[in-house]
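Take a look at the structure below.
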Amino acid sequence: MTTLSNLISALIIVESSNNDMAIGDQGRAIGCLQIHKAVVLDVNRITGSHYRHQDMTNRVAARAVCEAYLKHYGRGATTEQLARRWNGGPAGDRKSATEAYWAKVRKQLKQ
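Here the sequence shown is numbered in the numbering used here, starting from 220 and rising by one per residue.
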């Protein structure tokens, strides 16, 4: 069984090749987990935290945001569902567009 910590480590490889300073989506996604501002705001709303989007270049903060997001939107979810929700939002596991992403994450988890 894959732990949430192991899944997040695999997501980091897929999202940024382990680069804390990665920038994607024309500057809208940052850090090792390529986190968008809307995700940070959502996690702050859910948990009462005070993360800022620019904090997502800090690996500890980025992992904490990812973990909070997946715990909130992933209750009872499989590892595949969690990965696909991280990629495609709370309903990401129902989007065919996230299937290729899951294949990449699954490959990392097997290494």
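C-beta atoms are modelled at their ideal positions from N, C-alpha and C, and glycine is treated no differently.
Looking at Asn238, Ala248 and Lys314, the one whose alpha-carbon comes closest to that of arginine 303 is Lys314.
Non-local C-beta neighbours of arginine 247 in its own chain, meaning closer than 8 Å and more than five positions away in sequence, comprise His255 and Lys256, ordered along the chain. In the three-state scheme derived from DSSP, where H, G and I count as helix and E and B as strand, alanine 229 is classed as helix.
Comparing alpha-carbon positions, the option among Asp312, Cys251 and Ala281 lying closest to leucine 260 turns out to be Ala281. Here the C-alpha atom of glycine 307 lies approximately 12 Å from the C-alpha atom of tyrosine 292.
Per DSSP, glycine 307 is one residue of the alpha helix (DSSP H) stretching across 298-307.
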